[in-house]
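Here is the structure we will look at.
Numbering (this note's numbering), first residue to last: 40 to 353.
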């Protein structure tokens with residue numbers, strides 16, 4: 040396939056944009072409405088693409104439009120091209136004004152409210168014109184957000200969950216799960232506590248089902264020969280759990296970094312009750328073949344600095 044004959048002159052970015060819209064809307068009519076163009080325009084673009092490439096890019100039936108294997112291959116590269124162009128525009132904007140720009144960070148809800156918030160706070164103080172898009176999603180959705188280039192990078196735990204030939208993981212620090220209580224809790228001040236002594240206390244914990252952190256906690260207790268503790272409140276929200284901890288009536292489990300980020304929490308303390316859980320690596324997940332914008336690289340640089348106190352712990 041010659042560039043001048045089939046690509047440079049005959050396949051335009053607008054054509055790929057229209058093809059992507061049809062696939063996302065699953066209909067030429069809906070894509071035309073979404074793009075504010077006529078349906079014949081969309082039909083002609085798809086027909087011209089198929090003529091130039093010599094293959095069908097869409098399968099059309101009464102259920103809508105789906106990409107063929109050829110259309111999916113074209114879109115995979117097309118999305119990457121759109122992303123590189125967007126990053127090129129960001130590079131130019133950064134060269135014009137190195138203190139401004141956008142960065143999109145993918146992370147789970149807990150890291151969004153702790154470590155990521157600490158990095159955002161420090162970076163925004165020095166560069167107030169940077170715009171941060173913190174995309175908090177369940178861990179199982181983050182890989183898709185990254186591979187679809189909807190975020191610049193991830194701040195994530197469990198690098199094995201994102202391990203494939205397309206991604207790279209840079210460890211920032213190791214995080215440890217600990218039992219916490221409010222400073223008014225009667226267990227505060229003990230030098231050593233057995234997990235068995237806490238099982239019938241009032242706990243606020245994530246549900247022990249699915250693939251969330253609650254299932255990790257359940258395994259930790261079962262490794263000690265126990266079932267899940269007597270939980271008064273089930274919640275995935277770290278805000279809810281931390282708020283109830285501060286009343287002094289409840290116990291919960293958080294990562295050690297929760298006491299440090301985004302700032303010190305004087306209302307809670309770590310109890311000396313060991314959980315059979317190793318430190319979990321937290322780091323940056325990036326796509327290997329993707330060029331990050333200057334603002335994204337600046338965020339990662341600041342993330343390394345913020346992580347240094349915990350990175351030194353073994």
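C-beta atoms are modelled at their ideal positions from N, C-alpha and C, and glycine is treated no differently.
Considering only the alpha carbon of each residue, which of the options lies closest to residue i?
{"i": "residue 222", "options": "306, 339, 338 and 106", "result": "306"}
{"i": "residue 355", "options": "72, 149 and 122", "result": "Residue coverage of the chain in this structure runs from 40 to 353, which leaves residue 355 outside it and unanswerable."}
{"i": "residue 299", "options": "128, 112, 115 and 152", "result": "152"}
{"i": "residue 415", "options": "276, 234, 287 and 90", "result": "Given that the chain is displayed from residue 40 to residue 353, the structure contains no residue 415 and the question cannot be resolved."}
{"i": "residue 164", "options": "349, 338 and 72", "result": "338"}
{"i": "residue 248", "options": "224, 231, 274 and 240", "result": "274"}
{"i": "residue 286", "options": "295, 297 and 308", "result": "308"}
{"i": "residue 330", "options": "158, 130 and 103", "result": "130"}
{"i": "residue 51", "options": "123, 271 and 87", "result": "87"}
{"i": "residue 311", "options": "336, 281 and 236", "result": "236"}
{"i": "residue 245", "options": "230, 232 and 280", "result": "280"}
{"i": "residue 94", "options": "100, 157 and 112", "result": "112"}
{"i": "residue 109", "options": "96, 119 and 101", "result": "96"}
What residue does the alpha helix (DSSP H) around residue i start on, and which one ends it?
{"i": "residue 152", "result": "148 to 152"}
{"i": "residue 98", "result": "Note, residue 98: premise wrong, no alpha helix (DSSP H); beta strand (DSSP E) at 97 to 100."}
{"i": "residue 61", "result": "52 to 64"}
How is the beta strand (DSSP E) around residue i delimited, first residue to last?
{"i": "residue 273", "result": "270 to 273"}
{"i": "residue 312", "result": "Neither: residue 312 is in no beta strand (DSSP E) and is coded neither H nor E."}
{"i": "residue 219", "result": "216 to 221"}
{"i": "residue 106", "result": "103 to 106"}
{"i": "residue 293", "result": "290 to 294"}
On the DSSP bridge assignment, give the partners of residue i in chain order.
{"i": "residue 175", "result": "146"}
{"i": "residue 245", "result": "Residue 245 is not bridged to any residue."}
Would you mind giving the Cβ-Cβ distance between residue i and residue j, rounded to the nearest angstrom? I have them listed as a contact below 8 Å.
{"i": "residue 242", "j": "residue 289", "result": "6 Å"}
{"i": "residue 144", "j": "residue 171", "result": "7 Å"}
Under a three-way DSSP split, which group does residue i fall into?
{"i": "residue 264", "result": "coil"}
{"i": "residue 339", "result": "helix"}
{"i": "residue 140", "result": "strand"}
{"i": "residue 239", "result": "coil"}
{"i": "residue 79", "result": "helix"}
{"i": "residue 194", "result": "strand"}
{"i": "residue 305", "result": "coil"}
{"i": "residue 7", "result": "With the chain covering only 40 through 353, there is no way to say anything about residue 7."}
{"i": "residue 254", "result": "helix"}
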